[in-house]
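Taking my numbering, the leading residue of the sequence shown gets 3, the next gets one more, and so forth. Glycine included, every Cβ here is placed at the ideal spot set by N, Cα and C. Source: prediction; values computed, not measured. Have a look at the structure below before the remarks.
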Amino acid sequence: MSAPSKLHRLCVFLTVEDEEQLSAAIRSALPAVRFVDAAQQPETPAPTFRSSLSECAGPHVTLVDTSIVSESTFHRDDVVQHPSGRGWVYAIVGTGLASLVRSRSADDGLHNGELRASVPLGDARTAEYIRGLMLLVRNGGTSVFAVDPSTTAIARRAERNFIAWPDAAVRFGTREAPLLTNGPTAWFTAERKKV
(Lines of atoms letter the chains of each structure in order from A; the text may use other names.)
(Lines give C-alpha, C1' and ligand atoms only; values in the text may rest on other atoms or scores of the structure.)
Protein backbone atom coordinates (compact mmCIF):
# COMPACT_ATOMS: atom_id res chain seq x y z
CA MET A 3 0.00 0.00 0.00
CA SER A 4 1.37 3.42 -0.95
CA ALA A 5 1.90 6.23 1.53
CA PRO A 6 -0.78 8.94 1.80
CA SER A 7 -0.25 11.87 -0.51
CA LYS A 8 -1.75 15.19 -1.54
CA LEU A 9 -2.82 15.63 -5.16
CA HIS A 10 -2.13 18.88 -6.99
CA ARG A 11 -3.72 19.55 -10.38
CA LEU A 12 -3.81 22.50 -12.78
CA CYS A 13 -5.34 22.46 -16.27
CA VAL A 14 -3.21 24.53 -18.62
CA PHE A 15 -3.50 25.62 -22.25
CA LEU A 16 -0.06 25.74 -23.89
CA THR A 17 1.00 26.13 -27.52
CA VAL A 18 4.48 25.13 -28.70
CA GLU A 19 5.54 28.77 -28.22
CA ASP A 20 4.15 28.73 -24.67
CA GLU A 21 6.06 25.52 -23.94
CA GLU A 22 9.27 27.29 -24.95
CA GLN A 23 8.45 30.14 -22.57
CA LEU A 24 7.53 27.70 -19.80
CA SER A 25 10.78 25.76 -20.26
CA ALA A 26 12.78 29.01 -20.03
CA ALA A 27 10.86 30.06 -16.89
CA ILE A 28 11.49 26.68 -15.27
CA ARG A 29 15.21 26.78 -16.15
CA SER A 30 15.43 30.24 -14.55
CA ALA A 31 13.34 29.67 -11.40
CA LEU A 32 13.88 25.92 -10.86
CA PRO A 33 17.25 25.16 -12.50
CA ALA A 34 17.45 21.58 -11.15
CA VAL A 35 14.31 20.48 -13.05
CA ARG A 36 14.74 18.17 -16.04
CA PHE A 37 12.17 16.76 -18.48
CA VAL A 38 11.67 13.03 -19.13
CA ASP A 39 9.81 12.17 -22.33
CA ALA A 40 7.41 9.26 -21.87
CA ALA A 41 7.71 8.60 -25.61
CA GLN A 42 10.98 6.81 -24.76
CA GLN A 43 9.18 4.13 -22.69
CA PRO A 44 9.17 1.49 -25.45
CA GLU A 45 12.90 1.98 -26.02
CA THR A 46 14.92 2.35 -22.84
CA PRO A 47 14.98 1.85 -19.08
CA ALA A 48 17.34 4.85 -18.87
CA PRO A 49 15.44 7.82 -20.36
CA THR A 50 17.35 10.94 -21.28
CA PHE A 51 16.99 13.90 -18.92
CA ARG A 52 16.28 16.92 -21.10
CA SER A 53 16.44 20.66 -20.42
CA SER A 54 13.41 21.75 -22.48
CA LEU A 55 9.93 20.57 -23.40
CA SER A 56 10.87 21.12 -27.06
CA GLU A 57 13.25 18.15 -26.75
CA CYS A 58 10.32 15.89 -25.83
CA ALA A 59 8.12 14.31 -28.51
CA GLY A 60 5.45 12.51 -26.51
CA PRO A 61 2.17 13.73 -25.01
CA HIS A 62 3.32 12.99 -21.44
CA VAL A 63 6.39 14.47 -19.77
CA THR A 64 7.69 13.92 -16.23
CA LEU A 65 9.34 16.94 -14.59
CA VAL A 66 12.07 15.71 -12.25
CA ASP A 67 13.66 17.94 -9.63
CA THR A 68 17.20 16.51 -9.74
CA SER A 69 18.07 18.18 -6.45
CA ILE A 70 15.62 15.67 -4.90
CA VAL A 71 15.85 12.69 -7.28
CA SER A 72 19.06 12.22 -9.25
CA GLU A 73 19.05 10.80 -12.76
CA SER A 74 20.56 7.52 -11.56
CA THR A 75 18.03 7.26 -8.72
CA PHE A 76 15.17 7.90 -11.15
CA HIS A 77 16.48 5.16 -13.45
CA ARG A 78 16.84 2.75 -10.52
CA ASP A 79 13.65 3.52 -8.55
CA ASP A 80 11.18 5.14 -10.94
CA VAL A 81 11.45 2.95 -14.03
CA VAL A 82 9.86 -0.51 -14.11
CA GLN A 83 9.40 -3.03 -16.87
CA HIS A 84 6.00 -2.87 -18.56
CA PRO A 85 3.76 -5.78 -17.44
CA SER A 86 3.66 -7.01 -21.05
CA GLY A 87 7.43 -7.43 -21.00
CA ARG A 88 7.79 -4.92 -23.82
CA GLY A 89 9.27 -1.56 -22.87
CA TRP A 90 9.21 0.24 -19.56
CA VAL A 91 6.98 2.51 -17.50
CA TYR A 92 8.34 5.76 -16.07
CA ALA A 93 6.97 7.22 -12.84
CA ILE A 94 4.94 10.37 -13.32
CA VAL A 95 4.20 11.36 -9.71
CA GLY A 96 5.89 10.91 -6.33
CA THR A 97 8.94 12.24 -4.56
CA GLY A 98 10.59 14.98 -6.65
CA LEU A 99 8.23 14.43 -9.59
CA ALA A 100 5.47 16.27 -11.45
CA SER A 101 3.68 15.24 -14.62
CA LEU A 102 2.61 17.28 -17.63
CA VAL A 103 0.00 15.97 -20.02
CA ARG A 104 0.51 18.34 -22.92
CA SER A 105 -2.17 20.44 -24.59
CA ARG A 106 -3.17 19.18 -27.99
CA SER A 107 -4.40 21.00 -31.06
CA ALA A 108 -7.35 19.71 -33.01
CA ASP A 109 -9.69 21.04 -35.67
CA ASP A 110 -12.06 22.22 -32.95
CA GLY A 111 -9.45 24.17 -30.98
CA LEU A 112 -6.80 23.71 -28.33
CA HIS A 113 -7.54 21.05 -25.72
CA ASN A 114 -6.09 21.74 -22.29
CA GLY A 115 -3.17 19.87 -20.85
CA GLU A 116 -2.72 19.13 -17.18
CA LEU A 117 0.08 19.61 -14.68
CA ARG A 118 -0.20 17.07 -11.84
CA ALA A 119 1.71 16.04 -8.78
CA SER A 120 1.07 13.66 -5.92
CA VAL A 121 3.16 14.81 -2.97
CA PRO A 122 3.78 12.19 -0.26
CA LEU A 123 2.64 13.54 3.12
CA GLY A 124 5.61 14.73 5.14
CA ASP A 125 7.79 15.20 2.03
CA ALA A 126 8.68 18.87 2.59
CA ARG A 127 11.20 19.12 -0.28
CA THR A 128 8.75 17.80 -2.88
CA ALA A 129 5.97 19.97 -1.44
CA GLU A 130 8.19 23.05 -1.84
CA TYR A 131 9.13 22.05 -5.41
CA ILE A 132 5.50 21.52 -6.43
CA ARG A 133 4.37 24.74 -4.75
CA GLY A 134 7.02 26.67 -6.71
CA LEU A 135 6.23 24.89 -9.98
CA MET A 136 2.46 25.45 -9.70
CA LEU A 137 2.98 29.10 -8.78
CA LEU A 138 5.32 29.59 -11.74
CA VAL A 139 2.76 28.06 -14.14
CA ARG A 140 -0.13 30.08 -12.65
CA ASN A 141 1.82 33.36 -12.75
CA GLY A 142 2.90 32.83 -16.36
CA GLY A 143 -0.65 32.43 -17.58
CA THR A 144 -3.94 34.20 -17.54
CA SER A 145 -7.30 33.19 -16.16
CA VAL A 146 -9.95 31.71 -18.42
CA PHE A 147 -13.72 32.00 -18.26
CA ALA A 148 -16.28 29.37 -19.22
CA VAL A 149 -18.36 30.08 -22.32
CA ASP A 150 -21.87 28.65 -22.69
CA PRO A 151 -21.72 26.87 -26.08
CA SER A 152 -25.37 27.48 -26.88
CA THR A 153 -25.68 31.16 -25.87
CA THR A 154 -22.00 32.24 -25.91
CA ALA A 155 -22.56 33.85 -22.51
CA ILE A 156 -19.32 34.23 -20.57
CA ALA A 157 -19.09 33.29 -16.90
CA ARG A 158 -18.53 36.15 -14.46
CA ARG A 159 -15.82 34.31 -12.52
CA ALA A 160 -12.63 32.78 -13.79
CA GLU A 161 -12.23 29.01 -13.67
CA ARG A 162 -10.20 28.23 -10.57
CA ASN A 163 -7.92 25.49 -11.91
CA PHE A 164 -7.55 26.51 -15.56
CA ILE A 165 -4.81 28.77 -16.96
CA ALA A 166 -3.97 29.83 -20.53
CA TRP A 167 -0.44 30.89 -21.33
CA PRO A 168 -0.04 34.01 -23.52
CA ASP A 169 0.17 32.48 -27.02
CA ALA A 170 -2.72 30.09 -26.34
CA ALA A 171 -4.79 32.96 -24.95
CA VAL A 172 -4.18 35.16 -28.01
CA ARG A 173 -4.55 32.45 -30.66
CA PHE A 174 -7.39 30.40 -29.16
CA GLY A 175 -9.00 32.43 -26.36
CA THR A 176 -10.85 35.26 -28.05
CA ARG A 177 -14.40 36.08 -26.96
CA GLU A 178 -15.69 36.08 -30.54
CA ALA A 179 -14.43 32.57 -31.33
CA PRO A 180 -13.31 30.76 -28.17
CA LEU A 181 -11.31 27.69 -29.14
CA LEU A 182 -9.89 26.74 -25.74
CA THR A 183 -11.66 23.51 -24.88
CA ASN A 184 -11.90 20.78 -22.29
CA GLY A 185 -14.40 18.68 -24.24
CA PRO A 186 -17.29 18.90 -26.69
CA THR A 187 -19.34 21.27 -24.53
CA ALA A 188 -16.66 22.91 -22.38
CA TRP A 189 -15.29 26.08 -23.98
CA PHE A 190 -13.27 28.91 -22.49
CA THR A 191 -12.18 32.43 -23.31
CA ALA A 192 -9.19 34.30 -21.94
CA GLU A 193 -10.98 37.62 -22.30
CA ARG A 194 -12.76 38.91 -19.20
CA LYS A 195 -16.43 39.71 -19.52
CA LYS A 196 -17.09 43.44 -19.79
CA VAL A 197 -19.38 44.63 -17.01
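Exposure label - residue i; buried when at least 16 CB within 10 Å
| i | result |
| --- | --- |
| residue 18 | exposed |
| residue 16 | buried |
| residue 66 | buried |
| residue 20 | buried |
| residue 84 | exposed |
| residue 105 | buried |
| residue 6 | exposed |
| residue 46 | exposed |
| residue 123 | exposed |
| residue 50 | exposed |
| residue 80 | buried |
| residue 39 | buried |
Where residue i sits in the DSSP three-state scheme
| i | result |
| --- | --- |
| residue 37 | strand |
| residue 52 | strand |
| residue 177 | coil |
| residue 20 | helix |
| residue 172 | helix |
| residue 155 | coil |
| residue 28 | helix |
Interface flag, residue i vs chain C, CB-CB below 8 angstroms
| i | result |
| --- | --- |
| residue 148 | Chain labels in this structure do not include chain C; a single protein chain is all it has. |
Contact belief for residue i with residue j at Cβ below 8 angstroms, rounded distance in angstroms
| i | j | result |
| --- | --- | --- |
| residue 70 | residue 128 | 6 angstroms |
| residue 13 | residue 163 | 6 angstroms |
| residue 157 | residue 171 | In fact, because the Cβ distance is near 16 angstroms, the residues do not count as touching under 8 angstroms. |
Per the contact definition of three or more C-beta pairs closer than 8 angstroms, is the region 140-152 in contact with the region 67-82?
-> no
Along the chain, which unbroken stretches of the beta strand (DSSP E) at least 3 residues long are found entirely within the region 74-147?
-> 81-83, 90-92, 99-103, 106-108, 111-113, 115-122
Any contact of the region 20-30 with the region 178-185, i.e. 3+ C-beta pairs under 8 angstroms?
-> no
Do the region 119-138 and the region 150-167 meet, that is, are 3 or more Cβ pairs less than 8 angstroms apart?
-> no
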